[in-house]
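Below is one structure, written out as structure tokens; the observations come after it.
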Amino acid sequence: MSSGNRVTLSSGQEIPTLGYGTWQSSPGEVSTGVYEALKAGYRHLDLAKIYENQVEVAQGIKKALAEVAGLKREHIFIVSVLCSICENHLLIGIDLEAMEQVSDVEKTLDKTLEELELDYLDLYLIHWPVAFQKTSDNQLSPIDKNGKEVAIDNSVRLVGTWKGLSMINLPKSKVRAIGVSNFTPEHIDGIVEATGVTPVVNQVERHPLLQQNETLVKYAKEKNIHITAYSAFGNNDVGAPLLLEHPSIKQIANELSATPAQVLLAWAQTGGHSVIPKSVTPSRIRSNFQEIKLPDSHVATINAIGNQPRRYNIPTQFVPPWNINIWDEELEKAAANSVLV
Ligand SMILES: NC(=O)c1ccc[n+]([C@@H]2O[C@H](COP(=O)([O-])OP(=O)(O)OC[C@H]3O[C@@H](n4cnc5c(N)ncnc54)[C@H](OP(=O)(O)O)[C@@H]3O)[C@@H](O)[C@H]2O)c1
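Following full-length UniProt numbering, the numbering of the sequence shown begins with 1 at its first residue and continues without gaps.
Have a look at this one:
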């Protein structure tokens, strides 16, 4: 059975719970990947300027629109993110009361629309709750003066960024809804208290080793914020085996005559969340889109994987690391930049 599940967002839009991710898809492979995904039935694409492949993503979308019978732009839920590290990042987060600064946020969005050859996005997210310091040569990962960590710009406050992103300032003709990514409940409380505008989505790392059920997920449910999970197969960047190799996942897959990826994707969607697996392998793109039913007993077994020591998340594992606390894990607790509201 193909996955066509959708849920309704607080904005009234319907989001497909299974989407297609594009991080670490090289420009040479991503247009085919996007085309194959749309051909297989995916109607939710997760994109980012910082992935440096949106121009090729556009080629995949164009090919699918031309070749997949009946497919139209409005059938695809397209998400992109305002990055911390693009050339306009400094202007993104300044406390945006002045209109020329607001328009710089829109300029950054315009660049994404231009790359994607689209008139509008269905959803635009703030990628990370931090901005990086600008260097004269626009480095993507500027290093701090000690040479050890990414240089975070502490003058950039989230409230300013969110104001710049609010519906008042970004035309609905270009962005249908706005949200955040990698935000903690404290970050979200801060921007909502200051502006009264609640993000529609929080896109976060979530998999059996980083479930966050009693914290972030519970909070999101109370506030009617939709969770989209990334890195559903376990974190790619930490050098540990992916959860696709976990014995319990493999055993469940065996019992259900499914693939380990299908098991993890079904678990990720339990509770009505979205998930955005990345693959550039056409056979995996297709099989990941095949939905399986996951009995409650198996959900419980997978939940129990979370009782094992947690796996550290992406920012602390980047080289150089970011001095930021997102998930409140041991490694992050001493971070200077825990809340930047
Ligand atoms: N907002 C954020 O900060 C953020 C951060 C990270 C990710 N994301 C988004 O989330 C998406 C997914 O996360 P992710 O890229 O970290 O990783 P992921 O989807 O958990 O895993 C991708 C890896 O799994 C492999 N794979 C895919 N399907 C498979 C299958 N059926 N069997 C075996 N291996 C399989 C892929 O290989 P092949 O490609 O070689 O097939 C790739 O190496 C990203 O692409 C991006 O769009 C957002």
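Think of the CB as a built atom: it goes at the ideal place given N, C-alpha and C, for glycine as much as any other residue. Quantities reported herein were computed from a predicted structural model and do not represent experimental measurements.
Paired residues, beta bridge with residue i - DSSP
| i | result |
| --- | --- |
| Asp46 | Gly21 and Val79 |
| Gly179 | Leu125 |
| Val7 | Ile15 |
| Phe233 | Its beta-bridge partners do not exist; DSSP assigns none. |
| Ser274 | Thr228 |
First and last residue of the uninterrupted alpha helix (DSSP H) at residue i
| i | result |
| --- | --- |
| Pro320 | From DSSP, Pro320 is part of no alpha helix (DSSP H); its letter is neither H nor E. |
| Arg284 | Pro282 to Asn288 |
| Ala58 | Gln54 to Glu67 |
Residue i CB to nearest heavy atom of ligand 1 below 7 Å
| i | result |
| --- | --- |
| Arg157 | no |
| Lys63 | no |
| Leu244 | yes |
| Gly60 | no |
| Ala261 | yes |
| Pro277 | yes |
| Ile23 | Checking the displayed sequence, the identity of residue 23 turns out to be Trp instead of Ile. Yes - ligand 1 has a heavy atom lying nearer than 7 Å to the Cβ of Trp23. |
| Gln290 | no |
| Asp46 | yes |
Cβ separation of residue i and residue j, assumed to be a contact under 8 Å, to the nearest whole Å
| i | j | result |
| --- | --- | --- |
| Val175 | Leu109 | 7 Å |
| Pro260 | Ala253 | 5 Å |
| His273 | Thr228 | 7 Å |
| Asn202 | Ala220 | 6 Å |
| Asn182 | Ile326 | 5 Å |
Cutoff 6 Å; reference residue i; Cβ partners in own chain excluding five residues on either side
| i | result |
| --- | --- |
| Ser10 | Val200 and Asn224 |
| Glu29 | Val280 |
| Ala194 | Val159 |
| Gln59 | Ser31 |
| Ser287 | Thr259 |
| Tyr51 | Thr22 and Trp23 |
Continuous beta strand (DSSP E) stretch holding residue i: start and end
| i | result |
| --- | --- |
| Asn202 | Val201 to Glu205 |
| Thr228 | His226 to Tyr230 |
Close-in-space but distant-in-sequence residues of the same chain around residue i (CB under 8 Å, 5 per side omitted)
| i | result |
| --- | --- |
| Ala48 | Thr22, Trp23, Gln54, Ser80, Val81, Cys83 and His127 |
| Ser141 | Ile85, Phe132, Val150, Phe318 and Pro320 |
| Ser173 | Asp119 and Tyr120 |
| Ser103 | Residue placement at Ser103 cannot be trusted, given a pLDDT of 49 that sits under 50; what the coordinates show is reported in the next sentence. Same-chain partners within the cutoff: there are none. |
| Gly41 | Ser2, Ser3, Gly4 and Phe289 |
Same chain, Cβ closer than 7 Å to residue i, neighbours up to 5 away in sequence not counted
| i | result |
| --- | --- |
| Ala98 | For Ala98, the predicted structure reports a pLDDT of 40, less than 50, and the residue's modelled location is therefore unreliable. The matter cannot be settled from this model. |
| Lys148 | Pro320 |
| Val299 | Trp267 and Thr270 |
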